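A.B. asks: Below is the structure I would like to discuss, written out as structure tokens.
Numbering (UniProt numbering), first residue to last: 1 to 108.
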């Protein structure tokens, strides 16, 4: 029979895989968006997203304030965050806003 063209322990390019994998490329989303509305599930979720996406405290202000005021409102938190940004007059015509929500939702 035909042999498999890939080898165990190697990827398609022939590079050896290792347990010390390099850090994945993460774009600088601050270059694409002026504002961020990140699903406010918990302080831990916001802390990790801030760290991994290299966002500033100001970038996550609306998310943190929404979590503080309303708690975890599931994916609808992004709309509370947008209202927060608008109420603080931070959004200007032409600004780009990244609304990022995820998760399986509340369990019934």
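The beta carbon of each residue, even a glycine, is placed where N, CA and C say it ideally should be.
Since the structure is predicted, the reported quantities are computational estimates derived from the model, not experimental observations.
#1: By DSSP, does residue 109 sit in helix, in strand, or in coil?
#2: Let me know the secondary structure DSSP gives residue 97 once reduced to three states.
#3: Any chance the segment 79-86 sits against the segment 24-32, with 3 or more Cβ pairs inside 8 Å?
#4: Have a look at residue 92 and residue 47 and give me their C-alpha separation to the nearest angstrom.
#5: Among all the DSSP beta bridges, which residues are the ones paired with residue 36?
#6: Please report the straight-line C-alpha distance between residue 52 and residue 66, rounded to a whole angstrom.
#7: Using the Cα positions of residue 102 and residue 50, report the straight-line distance between them to the nearest angstrom.
#8: Residue 47 lies in the alpha helix (DSSP H); which residues open and close that run?
C.D. replies: Per the coordinate set shown:
#1: No information on residue 109 is available, as it lies outside the stretch 1 to 108 that the chain covers here.
#2: On the chain shown, position 97 is the one that residue 97 refers to. Residue state, collapsed to three classes: strand.
#3: No, the segment 79-86 does not touch the segment 24-32.
#4: Stepping through the chain shown from its first residue, residue 92 is reached at position 92. Stepping through the chain shown from its first residue, residue 47 is reached at position 47. Between residue 92 and residue 47, the C-alpha separation is close to 27 Å.
#5: In the chain shown, counting from the first residue as 1, residue 36 sits at position 36. For residue 36, which the question treats as bridged, DSSP gives the partners 98.
#6: As a first step, residue 52 must be located in the chain shown, where it is residue number 52. As a first step, residue 66 must be located in the chain shown, where it is residue number 66. The C-alpha of residue 66 is placed about 21 Å away from the C-alpha of residue 52.
#7: The residue labelled residue 102 in the question sits at position 102 within the chain shown. The residue labelled residue 50 in the question sits at position 50 within the chain shown. Taking the straight line joining both Cα atoms gives about 15 Å.
#8: For the purposes of this step, residue 47 is taken as residue 47 along the chain shown, with counting starting at 1. For residue 47, the enclosing alpha helix (DSSP H) begins and ends at 43-53.
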